[in-house]
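The numbering of the sequence shown is our numbering, which starts it at 1 and goes up by one. Working notes for the structure below.
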Amino acid sequence: MGGDHTEVLFQGWANKYGDVVHVRILNQPVVILSTLEAARDLFEKRSSIYSDRPRFVLLSELMGWHSATTHTRYGPRFRKHRRFIQQIFNQRASAAFHPIQQRQTLVLLDDLIRTPDLFVRHFKRFAAATIFPITYGLPITSVDDELVKLAEEAATLTVESGSPAATLVDFFPVMRHIPTWLPFAGFKRQALKTRMAVNKMMTVPFDMVKKEMRSGQAPPSFTSKLLETYCDPSKVAPHSEDEEEIKGAAGTLFAAAEDTTVAVMQTFVLAMVRNPGVFRKVQDEMDRVVGTERLPTLDDRGSLPYLECVLKEVLRWNPPAPLGLPHRLMEDDVYRGYHIPKGASVFTNIFAILQDCFQPDIFRPERHMDESDLPDPRDVVFGFGRRICPGRHFAESSAWTMMANIIATMDISRTPRDKENGVFPEYDVIGSFVRHPKPYECSIRPRSAKITSLIQEAKTNAEF
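Listed below in structure tokens is the structure:
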């Protein structure tokens with residue numbers, strides 16, 4: 001476990017043994033669910049016993065992610081974290097963030113005009129420039145910002161460790177005591193390096209907010225609002241229990257949002273390059289509904305059904321977190337006559353669920369119009385039950401806003417060299433916990449001089 005394509009291995013097991021597979025890996029019980037029915041039966045209908053997390057020895061105990069919402073064990077701490085985040089990111093409250101998403105999309109479009117080859121870098125900047133002001137009230141103008149570098153270093157080092165709860169030290173916790181000077185203790189040396197990065201990512205922006213609060217200059221944010229609500233704003237006493245929980249919840253937001261947002265947008269661009277007919281069709285819909293005199297906003301979403309299908313197909317074709325994070329069973333259970341032991345780590349193979357359709361490797365948005373029995377990928381990729389991603393509404397609206405505006409203003413195609421050679425960029429993926437398309441080249445350019453002027457005018461008039 002922990003390889004680049006564990007989800008494909010699990011899918012093979014499901015094809016051979018069924019949609020609920022129980023195995024023992026190094027004597028630890030592991031259950032893999034590969035259908036939506038099984039995932040909902042256990043994680044939603046039996047959520048009271050399937051909402052815990054395994055003991056993340058590497059991530060939580062060694063790397064320092066113990067205070068992250070995503071890794072918190074089920075109980076009062078977890079419920080407190082969920083309450084913190086849902087106050088800000090529930091569906092109604094998330095609508096308040098639409099203006100910042102729209103403003104940062106204008107910067108994204110301008111970046112794509114100036115340096116289109118750096119489109120992945122621009123997606124990273126968008127993710128940081130939306131989530132940091134919301135979380136900490138701190139403006140971000142570049143991926144070279146020190147706060148972004150801190151967060152990216154922590155996220156990169158963590159992702160490189162492999163699938164959560166699936167590394168050797170997770171199965172043999174005693175290994176965490178191995179001295180770092182031993183030749184085979186490389187995992188621990190890497191973990192301690194990651195721990196320093198995670199601590200900086202969590203602490204530096206959090207302390208900046210506290211400092212601004214003491215001087216009365218802190219702008220409204222997720223962190224300042226929670227500190228005002230749960231701590232004494234005049235003192236904001238260091239290391240209080242609530243303060244540590246707020247710090248952990250805040251630090252989780254960027255780590256959870258940045259990498260997956262970039263992966264989704266990389267997949268979108270690749271899909272458009274490889275499927276020019278789809279791109280023309282969704283662009284025609286955009287021109288017909290929105291026109292070319294203004295830029296699309298989230299108010300247009302209900303009038304663009306084919307774009308909605310494109311978004312769904314992007315999530316289906318390459319789900320960004322194909323296995324999600326495992327749940328832990330809190331007591332013995334029986335499902336379909338099979339005994340599942342207490343303490344089992346239970347994975348949902350999101351990849352396998354979304355591959356269960358006709359010609360799954362083909363990018364075809366029409367399937368979401370024609371096949372009524374097909375699950376909505378948005379109901380799958382964000383998880384299930386009490387562990388469903390609390391920021392899903394924000395994440396989805398960010399992706400839609402970027403996709404809609406790129407479709408309205410840009411032409412996406414193969415590079416001249418690929419056209420000359422009659423080839424398309426290869427579709428292959430890298431990564432373990434988060435799946436990114438392998439790096440590829442493409443051509444992104446504004447549709448016309450008029451569109452360029454429209455973008456510049458909108459950006460000039462926007463309030464940043």
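Every residue gets a Cβ at the ideal spot worked out from N, C-alpha and C, and that includes glycine. Bear in mind the structure is a predicted one, so any value in this text is a computation, not a measurement.
- [ ] Please determine, among VAL204, GLU228, LYS80 and PHE222, the residue with the shortest C-alpha to C-alpha distance to ARG214.
- [x] In terms of CA proximity to ARG214, GLU228 leads the group VAL204, GLU228, LYS80 and PHE222.
Open item on the list: Does the contact criterion of 3 or more C-beta pairs under 8 Å hold for the stretch 391 to 401 versus the stretch 50 to 68?
Closed with: Contact fails: fewer than three Cβ-Cβ distances are below 8 Å.
TODO: Measure the alpha-carbon distance for THR72 versus LYS450 and round it to whole angstroms.
DONE: The alpha-carbon atoms of THR72 and LYS450 are separated by roughly 50 Å.
TODO: Report all residues from its chain with a CB closer than 6 Å to the CB of LYS312; omit the five preceding and five following residues, and keep chain order.
DONE: The beta carbon of LYS312 lies closer than 6 Å to those of HIS368 and PRO377 in the same chain, with the five residues before and after it left out.
TODO: Measure the Cβ-Cβ separation of VAL314 and THR267 and say whether it is below 8 Å.
DONE: Between VAL314 and THR267, the C-beta gap is smaller than 8 Å, which places the two residues in contact.
Task: Host beta strand (DSSP E) of ASP411 (start-end) - done: DSSP places ASP411 in the uninterrupted beta strand (DSSP E) bounded by 410 to 413.
TODO: Could you tell me whether the stretch 421 to 428 touches the stretch 278 to 289, using the rule of 3 or more Cβ pairs below 8 Å?
DONE: No, because fewer than three Cβ pairs between the stretch 421 to 428 and the stretch 278 to 289 fall closer than 8 Å, the two stretches do not touch.
TODO: Could you check if VAL273 is buried or exposed, using at least 16 other CB atoms within 10 Å of its CB as the buried criterion?
DONE: Buried.
Open item on the list: Using a Cβ-Cβ cutoff of less than 7 Å, which residues in the same chain neighbour LEU270 once the five nearest sequence positions on both sides are dropped?
Closed with: Annotation for LEU270: PRO425, TYR427, PRO437 and TYR440 place their beta carbon closer than 7 Å to its own, counting only its chain and skipping 5 residues before and after.
- [ ] Kindly indicate which three-state DSSP category SER142 falls into: helix, strand or coil?
- [x] Per DSSP, reduced to three states, the secondary structure at SER142 is coil, with no helix or strand assignment.
Open item on the list: Out of THR70, GLY186, THR223 and LYS210, which one is the CA nearest neighbour of GLY383?
Closed with: When THR70, GLY186, THR223 and LYS210 are compared, the shortest CA-CA separation from GLY383 is found for THR70.
TODO: Might you give, ordered along the chain, the residues of its own chain that have their beta carbon closer than 7 Å to the beta carbon of PHE78, omitting 5 neighbours on each side?
DONE: The residues are THR72.
Task: Assumed close pair PRO326, SER345 - CB separation to whole angstroms, cut-off 8 Å - done: Contact check for PRO326 and SER345: beta-carbon distance about 4 Å, within the 8 Å limit, so the pair qualifies.
TODO: Tell me, please, whether the stretch 191 to 199 touches the stretch 112 to 127 by the rule of three or more beta-carbon pairs shorter than 8 Å.
DONE: They do not touch, by the three-pair rule.
TODO: Can you say whether GLU293 is buried or exposed, counting buried as having 16 or more other CB atoms within 10 angstroms of its CB?
DONE: Counting of Cβ neighbours within 10 angstroms places GLU293 among the exposed residues, the total staying below 16.
Open item on the list: Can you tell me whether TYR306 is buried or exposed? The criterion is at least 16 other CB atoms within 10 Å of its CB, across all chains shown.
Closed with: Counting Cβ neighbours within 10 Å, TYR306 comes out buried, since at least 16 surround it.
Open item on the list: According to DSSP, simplified to helix, strand and coil, what is TYR136?
Closed with: Three-state DSSP puts TYR136 in a helix.
Task: Rounded separation between ILE32 and ARG46 - CA only - done: Those two C-alpha atoms are separated by around 16 Å.
TODO: Let me know the secondary structure DSSP gives SER453 once reduced to three states.
DONE: Three-state result, SER453: helix.
Open item on the list: Suppose the cutoff is 7 Å on Cβ atoms and the five residues either side in sequence are ignored; what does the same chain contact list for LYS193 look like?
Closed with: Leaving aside the five residues that flank LYS193 on each side, the residues in its chain whose CB is nearer than 7 Å to its CB run, in chain order, LEU157.
TODO: Answer yes or no: the CB of ARG77 versus the heavy atoms of the ligand PLP, is any distance below 7 Å?
DONE: Although the ligand PLP was asked about, the structure shown includes no ligands whatsoever.
- [ ] For SER345, name the three-state secondary structure that DSSP assigns.
- [x] In this structure, SER345 counts as strand in the three-state DSSP scheme.
TODO: Please specify which runs of the beta strand (DSSP E), each continuous and at least 3 residues long, are wholly inside the stretch 364 to 402, giving them in chain order.
DONE: If we require 3 residues or more, the stretch 364 to 402 turns out to have no beta strand (DSSP E) run fully inside it.
Open item on the list: Out of ASP361, LYS419, LEU354 and ILE388, which one is the CA nearest neighbour of ASP373?
Closed with: If we check each option's Cα against that of ASP373, LEU354 comes out closest.
Open item on the list: Along the chain, where does the beta strand (DSSP E) containing ARG445 start, and where does it finish?
Closed with: From DSSP, the beta strand (DSSP E) with ARG445 extends over 443 to 446.
Open item on the list: DSSP has ASP333 in a bridge; who is on the other side?
Closed with: Answer is ILE340.
TODO: Please work out which residues of its chain come closer than 8 Å, Cβ to Cβ, to VAL236, disregarding the five sequence neighbours upstream and downstream, and give them in chain order.
DONE: With a pLDDT of 49 at VAL236, under the threshold of 50, the modelled position of that residue is not reliable, and no figure is offered here.
TODO: Would you mind sorting PHE97 into buried or exposed? The rule is 16 or more other CB atoms within 10 Å of its CB.
DONE: PHE97 is buried by the Cβ-count criterion.
- [ ] Check whether the stretch 326 to 337 touches the stretch 407 to 419, counting contact only when three or more Cβ pairs, one atom from each stretch, lie closer than 8 Å.
- [x] In short, these stretches do not touch, since the Cβ pair count stays below three.
Open item on the list: Just verifying my parser: in three-state terms, what is the DSSP assignment at MET1?
Closed with: Unreliable positioning characterises MET1 in this predicted model, as indicated by a pLDDT of 48, which lies under 50. A coordinate reading is not provided.
Open item on the list: Tell me the rounded alpha-carbon separation between ALA321 and PHE347.
Closed with: About 12 Å.
Open item on the list: Between the alpha carbons of TRP13 and VAL21, how many angstroms are there, rounded?
Closed with: Distance between TRP13 and VAL21, taken at the CA atoms: about 7 Å.
TODO: Using three-state DSSP, classify ILE49 as helix, strand or coil.
DONE: Residue state, collapsed to three classes: coil.
- [ ] Please determine, among GLU44, TYR17 and ARG24, the residue with the shortest C-alpha to C-alpha distance to ASP379.
- [x] Taking the Cα of ASP379 as reference, the smallest distance to any Cα among GLU44, TYR17 and ARG24 is reached at GLU44.
TODO: Give the secondary structure of ILE32 by DSSP, where H, G and I count as helix, E and B as strand, and everything else as coil.
DONE: DSSP places ILE32 in strand when its eight states are reduced to three.
- [ ] Just list the alpha helix (DSSP H) runs in the stretch 212 to 270, keeping only unbroken ones of 4 residues or longer that don't cross its boundaries, in chain order.
- [x] Runs of the alpha helix (DSSP H) inside the stretch 212 to 270: 222 to 230.
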